[in-house]
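Novice:
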Amino acid sequence: MATQVATVPTLAQQILQQQTQAQRTFTIRVIISWVAFLVFLLFIFSGVTIQIGPITIRTIQLDGDFIREWAPFISEGTIRTLEICFLSIFFASILALLAALGRLSRIAPIYALSTFYVSLIRGTPLLLQIFFFFLALPQMGIVLPGFVAGVAALSLNYGAYMSEIFRAGIQSVGKGQREAALALGLTQSQTMRRIVLPQALRVVIPPIGNEFIAMLKDSSLVSATGFVQEIMWRAQKVGRANFRGLEALLVAALWYWVMTLIFSAIQSRTENRLARGDR
Amino acid sequence: MPIIQVTDLHKYFGPLHVLRGISLSVERGEVVCVIGRSGSGKSTLLRCINFLEQPTHGRIEVDELVVNVERHRLTPEQKLVIRHIRMRTGMVFQEFNLFPHLSVIDNLIEAPVTVKGMKKADANPLAEKYLAKVGLMHKRDEYPARLSGGQKQRVAIARALTMQPEVMMFDEPTSALDPELIGEVLDVMKELAREGTTMLVVTHEMGFASEVCDRVIYMDEGQIVEEAPPEQIFTSPADPRTRQFLDRLLRTQTSEK
Chain A
132 MATQVATVPT
142 LAQQILQQQT
152 QAQRTFTIRV
162 IISWVAFLVF
172 LLFIFSGVTI
182 QIGPITIRTI
192 QLDGDFIREW
202 APFISEGTIR
212 TLEICFLSIF
222 FASILALLAA
232 LGRLSRIAPI
242 YALSTFYVSL
252 IRGTPLLLQI
262 FFFFLALPQM
272 GIVLPGFVAG
282 VAALSLNYGA
292 YMSEIFRAGI
302 QSVGKGQREA
312 ALALGLTQSQ
322 TMRRIVLPQA
332 LRVVIPPIGN
342 EFIAMLKDSS
352 LVSATGFVQE
362 IMWRAQKVGR
372 ANFRGLEALL
382 VAALWYWVMT
392 LIFSAIQSRT
402 ENRLARGDR
Chain B
2 MPIIQVTDLH
12 KYFGPLHVLR
22 GISLSVERGE
32 VVCVIGRSGS
42 GKSTLLRCIN
52 FLEQPTHGRI
62 EVDELVVNVE
72 RHRLTPEQKL
82 VIRHIRMRTG
92 MVFQEFNLFP
102 HLSVIDNLIE
112 APVTVKGMKK
122 ADANPLAEKY
132 LAKVGLMHKR
142 DEYPARLSGG
152 QKQRVAIARA
162 LTMQPEVMMF
172 DEPTSALDPE
182 LIGEVLDVMK
192 ELAREGTTML
202 VVTHEMGFAS
212 EVCDRVIYMD
222 EGQIVEEAPP
232 EQIFTSPADP
242 RTRQFLDRLL
252 RTQTSEK
């Protein structure tokens, strides 16, 4: 009888152990496969020739001299890219917050302005918006440097998309919070500022991180103005000049990928920390 | 001079006539309990007094501040009066509604600092006094998420008290609590009643109502059916609807045990 009682938890423990083991095995296999894909990718560009019987496999030969000479120049563009993105996400967040508040307003013209802005921006391509600021505004006598035009377009564009994030964040704060604040005598705007927004911001920080990561790549469109020396512009310039588009773009791609990996890691860490917080 | 005077209050939710001409007054120092089935409008009545719900029609007077709702849109002057009514009425909700991003002490001083413009140095000792009163001084710097339901509600009571209101309103303060946590909240409320706090309490706790209240109001279908001292309403209710309600309540409460 006593042994029977003792075996029951043991079996459960065994199953639990198996589950843990299976999970670990899966993770290890994923890592191994990742490495394998990476090696395969490197192999494709390794420039070696392999003879297997009658079949000859010739992989792509990259111009090492070109890369050595120009990779630093392209890499320097990461600074400009990050400048664009940090500035743009900052202004986009402000616009998004305003648009979200407008969307929740009961004052008709303000509500209308907010929905009008979001509709207009979402209804047109980002590239067009960048060109609009850079190429169309000069016709009206407003000449913006490429960098300013790019940041303005990205801010406006992302602000419109992110307004939904802010709106969801604000609405995620329960009605009871607002009522408790009002019942204590806070005004509507004090309630929004001191009670609702601080709670909403916690909710919106992880999705803003996602938007930032998307923006890292979308910022490459700013290169189309031809005057902003971010990664993509530099890669295109030296690639074209030397007929080494492949090498130049690979260097650029690597930088975008690495930056995305870094910021994704930061983002998921922030997300975990916020989730753990004292809510 | 009553502290709360409600006259011919009507509230519609869309086509639904939830309050049908409520008139009610609460004297200073009085403890009044409102009982009735769910959906009888008792919570709505409370929420109309501090305008968390805007009455469709009627007159609300709190501490000589009068709002006469005669049209849909309130005037700026009325909105100001409403804010002062809210400052003089403490509200305790069923769901506590503590601010999760603020520590317990910051929950308490938020309104005195933001609304009354008190200095933190003055608000802190005041808040601590009420925190001690509800027996939670040791939770001063905790965040609400780390409190039990009963503790949350006691903090919510202390938060309302820190505004030093003229009257405390409780909207089913124990309905969201596990049974074993109800007692500690009721004890705090009994203590307040003993000290002479004016209270208007919507509750299902008949024990509390009979023990503490000076007057019990029975509501049904948006109207006040009966209004009497507890010993009278609980032993010999005048209206058959009150009797039926109490009978059924007694049956379910005994069968639960």
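Top line first, the protein sequences correspond to chains A and B. Residue numbers for the first sequence, in my numbering: 132 to 410. Residue numbers for the second sequence, in my numbering: 2 to 258. In this text, a Cβ means the ideal position worked out from N, Cα and C, and glycines have one as well. Quantities reported herein were computed from a predicted structural model and do not represent experimental measurements.
1. Can you grab the Cα-Cα spacing for the pair residue 196/A / residue 175/A, in whole Å?
2. What's the call for residue 98/B, buried or exposed, on a 16-neighbour Cβ count within 10 Å?
3. By a C-beta neighbour count over all protein chains shown, 10 Å radius and 16 as the cutoff for buried, is residue 238/A buried or exposed?
4. DSSP three-state label for residue 217/B, please.
5. Please state the DSSP three-state secondary structure of residue 269/B.
6. Exposed or buried, what is residue 132/B when buried is set at 16 or more other beta-carbons lying within 10 Å of its beta-carbon?
7. How do the region 90-105 of chain B and the region 149-162 of chain B stand: do at least 3 beta-carbon pairs fall below 8 Å, yes or no?
8. Is DSSP giving residue 190/A helix, strand or coil here?
9. Just the chain A side, please: which residues come within less than 9 Å of residue 100/B by C-beta, in chain order?
10. With distances taken from CA atoms, which of 312/A, 144/A, 295/A, 163/A is nearest residue 230/A?
11. Taking only three categories from DSSP, how would you classify residue 165/B?
12. The alpha helix (DSSP H) with residue 198/A in it runs from where to where?
13. Cβ of residue 148/B within 8 Å of Cβ of residue 207/B?
14. Is the Cβ of residue 401/A closer than 8 Å to any Cβ of chain B?
15. Check the Cβ-Cβ distances between residue 362/A and every residue of chain B, and say whether any is below 8 Å.
16. Let me check one thing: in DSSP terms, what residues is residue 49/B bridge-paired to?
17. List the residues that DSSP assigns as beta-bridge partners of residue 5/B.
18. For residue 263/A, which option in 366/A, 288/A, 243/A has the closest C-alpha, if you only look at C-alpha atoms?
19. DSSP beta-bridge partners for residue 13/B?
20. Can you tell me which of the three DSSP states residue 284/A falls into?
21. Go through its chain and collect everything with a Cβ distance to residue 248/A's Cβ below 7 Å, but skip five positions before and after it.
22. Give me the Cβ distance between residue 115/B and residue 309/A, rounded to the nearest whole Å; I'm assuming they're in contact under 8 Å.
23. Contact check, residue 172/B vs residue 94/B under 8 Å by CB: the rounded distance?
24. In the DSSP output, which residue or residues are listed as bridge partners for residue 304/A?
25. At a CB distance below 7 Å, what residues from the region 200-216 of chain A approach chain B? Give them in sequence order.
26. Which runs of the alpha helix (DSSP H) fall wholly inside the region 88-157 of chain B and span at least 4 residues, in chain order?
27. Look at residue 35/B and residue 218/B and say whether their C-beta atoms are less than 8 Å apart.
28. If you measure from the beta carbon of residue 410/A to each beta carbon in chain B, is any gap under 8 Å?
29. When you compare the CB positions of residue 103/B and residue 82/B, do they come within less than 8 Å of one another, or not?
30. Are the C-beta of residue 112/B and some C-beta of chain A separated by less than 8 Å?
31. Give me, in chain order, the residues of the same chain whose beta-carbon lies closer than 8 Å to that of residue 193/A; leave out the 5 immediate sequence neighbours on both sides.
32. Under 7 Å, CB to CB, which of the residues in the region 83-94 of chain B have a partner in chain A?
33. Put residue 318/A into one of helix, strand or coil per three-state DSSP.
34. Quick one: is residue 372/A buried, meaning 16 or more other Cβ sit within 10 Å of its Cβ, or exposed?
35. Taking residue 164/B as the query, report the chain A residues whose CB atoms sit under 9 Å from its CB, ordered along the chain.
36. So which of 10/B, 238/B, 191/B, 80/B has the shortest CA-CA distance to residue 223/B?
Specialist: This is what the structure holds:
1. Working through the first sequence from its first residue, we reach residue 196/A at position 65. Working through the first sequence from its first residue, we reach residue 175/A at position 44. Distance between the alpha carbons of residue 196/A and residue 175/A: 18 Å.
2. Here residue 98/B refers to the residue found at position 97 when the second sequence is read from its first residue. With 16 or more other Cβ atoms within 10 Å, it is buried.
3. As a working note, residue 238/A is residue 107 in the first sequence. Label assigned to residue 238/A: exposed.
4. The count along the second sequence starts at 1 and reaches residue 217/B at position 216. Three-state result, residue 217/B: strand.
5. Outside the shown range of chain B, which is 2 to 258, sits residue 269/B, and nothing can be said about it.
6. For the purposes of this step, residue 132/B is taken as residue 131 along the second sequence, with counting starting at 1. It is buried - the Cβ of residue 132/B has at least 16 other Cβ atoms within 10 Å.
7. yes
8. Numbered from its first residue, the first sequence carries residue 190/A at position 59. In this structure, residue 190/A counts as coil in the three-state DSSP scheme.
9. Along the second sequence, read from residue 1 onward, the residue named residue 100/B stands at position 99. By Cβ distance, chain A contributes 308, 311, 312, 325, 326, 329, 330.
10. The residue given as residue 230/A occupies position 99 in the first sequence. Looking at the Cα atoms, 295/A is the closest of the given residues.
11. Walking along the second sequence from the start, residue 165/B turns up at place 164. Residue state, collapsed to three classes: coil.
12. In the first sequence, the residue the question calls residue 198/A occupies position 67. Here the alpha helix (DSSP H) through residue 198/A covers 195-206.
13. Position 147 of the second sequence holds residue 148/B. Position 206 of the second sequence holds residue 207/B. It is not a contact, given that the beta carbons lie outside the stated cut-off.
14. Counted from its first residue, the first sequence places residue 401/A at position 270. So, not an interface residue.
15. If you number the first sequence from 1, residue 362/A lands on position 231. Chain B, which has no Cβ nearer than 8 Å to the Cβ of residue 362/A, makes this no.
16. Against the second sequence, residue 49/B aligns to sequence position 48. In DSSP, residue 49/B forms no bridge with anything.
17. The residue you call residue 5/B lines up with position 4 of the second sequence. Answer is 27/B, 63/B.
18. Residue numbering aside, residue 263/A sits at position 132 when the first sequence is read from its first letter. Per the Cα distances, 288/A.
19. The residue labelled residue 13/B in the question sits at position 12 within the second sequence. The partner list for residue 13/B (beta bridge, DSSP) reads 18/B.
20. Locating residue 284/A in the first sequence gives position 153, where the first residue counts as 1. The answer is helix: DSSP assigns residue 284/A an H, G or I state.
21. Start at 1 with the first residue of the first sequence, and residue 248/A comes out as number 117. Excluding positions up to five away in sequence, the list reads 230, 291.
22. Counted from its first residue, the second sequence places residue 115/B at position 114. Counted from its first residue, the first sequence places residue 309/A at position 178. Not a contact, Cβ separation roughly 14 Å.
23. Reading the second sequence from its first residue, position 171 is the one you call residue 172/B. Reading the second sequence from its first residue, position 93 is the one you call residue 94/B. That pair is a contact at about 6 Å.
24. Walking along the first sequence from the start, residue 304/A turns up at place 173. None, per the DSSP bridge assignment.
25. none
26. 105-115, 121-134
27. Position 34 of the second sequence, counted from the first residue, corresponds to residue 35/B. Position 217 of the second sequence, counted from the first residue, corresponds to residue 218/B. In contact: residue 35/B and residue 218/B (Cβ atoms closer than 8 Å).
28. Indexing the first sequence from 1 puts residue 410/A at position 279. The pLDDT assigned to residue 410/A is 46, lower than 50, so where the model puts this residue is not dependable; a value taken from the coordinates is nonetheless given after this. Judged by the 8 Å Cβ criterion, residue 410/A is in contact with chain B.
29. Looking up residue 103/B in the second sequence gives position 102. Looking up residue 82/B in the second sequence gives position 81. Their beta carbons are not under 8 Å apart, which means residue 103/B does not touch residue 82/B by this criterion.
30. Looking up residue 112/B in the second sequence gives position 111. Yes, contact with chain A.
31. Indexing the first sequence from 1 puts residue 193/A at position 62. Around residue 193/A: 176, 178, 377, 378, 381.
32. 84, 87, 88, 92, 94
33. Translated into positions along the first sequence, residue 318/A becomes position 187. DSSP places residue 318/A in coil when its eight states are reduced to three.
34. Here residue 372/A refers to the residue found at position 241 when the first sequence is read from its first residue. The residue in question, residue 372/A, is exposed, as its Cβ has fewer than 16 Cβ neighbours within 10 Å.
35. As a working note, residue 164/B is residue 163 in the second sequence. Under the 9 Å cutoff, chain A gives 315, 316.
36. As a working mapping, residue 223/B is identified with position 222 in the second sequence. Comparing Cα-Cα distances from residue 223/B to each of 10/B, 238/B, 191/B, 80/B, the minimum goes to 10/B.
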